[in-house]
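When we follow numbering that gives the first Met the number 0, the leftmost residue of the sequence shown carries the number 0, and every step to the right adds one. The C-beta atom is built at its ideal place from N, Cα and C for all residues, glycine as well. Nothing here was measured: the structure is a model prediction, and the numbers come from that model. Down below is the structure, laid out as structure tokens.
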Amino acid sequence: MDKARDHCGLFGVLDHPDAARMAYFGLHALQHRGQESAGIVTAMFDEEKGRHVMPQHKGFGLVLDVFNDEQLFESTLVGDSAIGHTRYSTSGSATNPANIQPFVVHYQEGNLALAHNGNLSNSRSIREALVARGTLFNSSSDSELILHLAAQSKDNGPIRRIIDALHQVEGAFSLVILTDDALIAVRDPNGFKPLALGRFVKPDGTATYGVASETCAFDILGGEYVRDVEPGEILIIDKEGIERMESGGAFDGVCIPRKNGVSQCVFEYVYFSRPDSMIFGEMVDKVRRKMGKKMAHDAPVPKRVKGEKRPIVMAVPDSSNTAAIGYVSESNKIGRKCKLDIGLIRNHYVGRTFISPGQESREFKVKTKFNTVSGVLKDRVIVMVDDSIVRGTTARQLVKMVRDAGAKEVHFRVASPPVVSPCFYGMDFPSPQELVANQQESIDKIAEWLGADSLAYLSVDGMMEAVEEAHDDRSNYCNACFTKNYPVPVEMGVEKDEND
Ligand code: SF4
């Protein structure tokens, strides 16, 4: 892993005749949030059995591979509501099929299914308490704990049981939960992970609701973004409509209290989310472009020698494309003339490649993903733009490839600050020792290690100004992996488990 990774994408929809197919396309749009496994669970009443059931299909691989049999949607994933999950895993759990979500439990009052994005900070103590009560676990994931807490709750009714469970867990959690007749969407009180509410028109012309990690999952289905699920909010969607826990009604006042303020993950804007998505109430494209513009001031294009052609700015595709556009437009505005061009082509069809002995070098692996456009690079001053540098190993290979293609100089610009600390809130980061910013004693030394003529980063202030310009506020964001300012005390948040 050379980039920080989010763990999962979530999707849920209720009361739609094509619920499972919608989950399939929703997950397909969220594939970038997790590429190791995928699963869909539906809810239906089984006439033969005389009770509600939750059919499911899960497997390792991309969404298109896991659900490659059309019959699945006709004969297995039947029902008018569905939730889906696509995930990365930590290395220990990558091969254990029991860890693939959504999880399902059957208990005395019916069925519950759950899909989780995040990392519970008090999972160890909850697990110990459940073990002491004789609970048997199917997986090593902390997400399963929420289901057991709900199933064992002394409260009556599925919704009250789930609310009881949610008041016992801490940390980062965006959740979609399916009961036999309702869809529940939850964001933890800090709101670390995105989760949006969408509206869909059904074939009969009536409307229904769904939720997704990013709004690109609504777009593919012709749905409409309504709003974000708010930090600490529990939304219950059933055939009657939506009940918002905070605002009155039968479950008045049961939202999860905000003990540590709101701290949405700024890395979603830097890298994780798709630029065509709206997250935390703003388009990712807009914020990422602003980050590129700020970078033009913090990390400018190198000055030209008189008579030299304009430097070529090129993005490391695809996640840096948007920041590079903002960078070039602002650079030209402030008199640092440069030209945007495509110097690297990314192969989107890599998947798992079978590399023969002798081809194991990182250089070869990077070459399976990227190739240079030598006509663009030859004899030119090149400014490479990347969204972030975590370990830096891919960046180092790319610099070498660009040099080998004939670039006269290679300057590296990063549209986020140096990553100096891990994430305890569910993002998958290398250990602190593996972060290149910790391995090298200065930015010049990192540049030297990368093989670049110069290296410069967007400042923390520049990054937060970009967020502030888009939101009129910068206080509701976590930037701890850049600053070590953890919004939820690390003592509370360090139990990193084999979760989603
Ligand atoms: S530490 Fe970094 S990756 Fe983790 S939630 Fe905060 S900003 Fe996001």
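TODO: Run the CB neighbour count on Ile341, radius 10 Å, all protein chains shown included, and call it buried at 16 or more, exposed below.
DONE: Exposed is the call here.
Task: alpha helix (DSSP H) runs contained entirely in the stretch 46–86, provided each spans 4 or more residues - done: Complete alpha helix (DSSP H) runs here, min 4: 62–65.
Task: Nearest neighbour of Gly60, chosen from Leu26, His51 and Met53 [CA to CA] - done: Of the candidates Leu26, His51 and Met53, the one whose C-alpha sits nearest the C-alpha of Gly60 is Leu26.
Task: Status (buried if at least 16 other CB within 10 Å, exposed otherwise) for Ile381 - done: Ile381 should be labelled buried.
- [ ] Taking only heavy atoms of the ligand SF4 into account, decide whether any of them is closer than 7 Å to the Cβ of Asp422.
- [x] Reading the sequence as shown, one finds Cys at residue 422 and not Asp. Flag set: Cβ of Cys422 near the ligand SF4.
Open item on the list: Here's the rule I'm using: 16 or more other beta-carbon atoms within 10 Å means buried, otherwise exposed. How should Asn155 be labelled?
Closed with: Here Asn155 is exposed: its Cβ has fewer than 16 other Cβ atoms, across all protein chains shown, within 10 Å.
Open item on the list: Assess contact between the stretch 40–55 and the stretch 267–284, defined as three or more Cβ pairs (one per stretch) separated by less than 8 Å. Is contact present?
Closed with: Counting Cβ pairs under 8 Å, fewer than three are found: no touch.
Task: For Gly91, three-class secondary structure by DSSP - done: The predicted model places Gly91 with a pLDDT of 41, which falls under 50 and marks its position as unreliable, so this point remains unresolved.
Open item on the list: Using CA atoms only, rank isn't needed, just tell me which of Ala394, Asp179, Gly33 and Gly374 is closest to Arg361.
Closed with: Distances from the CA of Arg361 to each of Ala394, Asp179, Gly33 and Gly374 were compared; the closest alpha carbon is that of Ala394.
Open item on the list: For a test of your reading of the model: does the CB of Val477 fall under 7 Å from any non-hydrogen atom of the ligand SF4? Yes or no.
Closed with: Correcting the residue identity first, residue 477 is Cys in this sequence and not Val. Cys477 Cβ: within cutoff of the ligand SF4.
Task: Cβ neighbours of Gly405 in the same chain (closer than 7 Å, five flanking residues each side left out) - done: Excluding the 5 residues flanking it on each side, Gly405 has same chain C-beta neighbours closer than 7 Å at Ser373, Leu376, Lys377 and Asp378, in chain order.
- [ ] Please go through the same chain and pick out, in chain order, the residues whose beta-carbon is closer than 6 Å to the beta-carbon of Thr214, but skip the five residues on each side of it.
- [x] These residues qualify, in order along the chain: Ala195, Tyr224, Ser276 and Met277.
TODO: Please find out if some non-hydrogen atom of the ligand COA comes closer than 7 Å to the beta-carbon of Cys264.
DONE: You won't find the ligand COA in this model; what it holds is the ligand SF4.
Open item on the list: Excluding the 5 residues flanking Asp179 on each side, which residues of the same chain have their C-beta closer than 7 Å to its C-beta?
Closed with: The answer, listed in chain order, is Ala42, His51, Gly109 and Asn110.
TODO: Please say whether Arg412 and Met383 have beta carbons closer to each other than 8 Å?
DONE: In contact: Met383 and Arg412 (Cβ atoms closer than 8 Å).
Task: Residue range of the beta strand (DSSP E) that includes Leu449 - done: For Leu449, there is no enclosing beta strand (DSSP E); the residue is found in the alpha helix (DSSP H) stretching over Ile442 to Leu449.
- [ ] Provide the residue(s) that pair with Arg186 in DSSP beta bridges, ordered along the chain.
- [x] DSSP output for Arg186 lists Ser173 as bridge partner(s).
- [ ] Figure out for me which residue from Pro486, Asp472 and Lys192 has the closest Cα to the Cα of Gly260.
- [x] Looking at the Cα atoms, Pro486 is the closest of the given residues.
Open item on the list: Beta-carbon within less than 7 Å of Asp251's beta-carbon, same chain only, minus the 5 sequence neighbours each way: which residues are those?
Closed with: Note on Asp251: pLDDT 49, under 50, position unreliable in the model; no value is reported.
- [ ] Sort out for me which residues DSSP pairs Phe44 with in a bridge.
- [x] His51, per the DSSP bridge assignment.
Task: Outcome for Tyr348 when other beta-carbon atoms lying within 10 angstroms are tallied against a minimum of 16 - done: With fewer than 16 other Cβ atoms within 10 Å, it is exposed.
Open item on the list: Count Cβ pairs between the stretch 469–483 and the stretch 446–453 that sit closer than 8 Å; are there 3 or more?
Closed with: Under the 8 Å Cβ criterion, the stretch 469–483 does not count as touching the stretch 446–453, having fewer than three qualifying pairs.
- [ ] Hey, could you find the ends of the alpha helix (DSSP H) Asp460 is sitting in?
- [x] Where Asp460 is concerned, the enclosing alpha helix (DSSP H) stretches over Val459 to His470.
Task: Near the ligand SF4: Met426 beta-carbon under 7 Å from a heavy atom - done: For Met426, the shortest separation between its Cβ and any heavy atom of the ligand SF4 lies below 7 Å.
Open item on the list: Could you compute how far the alpha carbon of Ser458 sits from the alpha carbon of Ile388?
Closed with: Near 13 Å, if we compare the C-alpha coordinates of Ile388 and Ser458.
Open item on the list: Quick check: is any heavy atom of the ligand SF4 less than 7 Å from the C-beta of Phe279?
Closed with: No.
TODO: Starting from the C-beta of Cys477, find all residues in its chain whose C-beta is less than 6 Å away, skip the five residues before and the five after it, and write them out in chain order.
DONE: Ser262, Cys264 and Pro486, listed in sequence order.
Open item on the list: By the three-class DSSP mapping on this structure, what secondary structure does Ile235 have?
Closed with: Ile235 falls in the strand class under three-state DSSP.
Task: Proximity of His84 and Leu9 at Cβ, strictly below 8 Å - done: Yes, the pair counts as a contact, with Cβ atoms nearer than the cut-off.
- [ ] Express the C-alpha separation of His15 and Asp203 in angstroms, rounding to a whole number.
- [x] Between Asp203 and His15, the C-alpha separation is close to 10 Å.
Task: DSSP three-state assignment for His27, whether helix, strand or coil - done: It is helical.
Task: Buried versus exposed call for Ile158 [16 or more other C-beta atoms within 10 Å across all chains shown] - done: Answer is buried; the Cβ neighbour count reaches 16.
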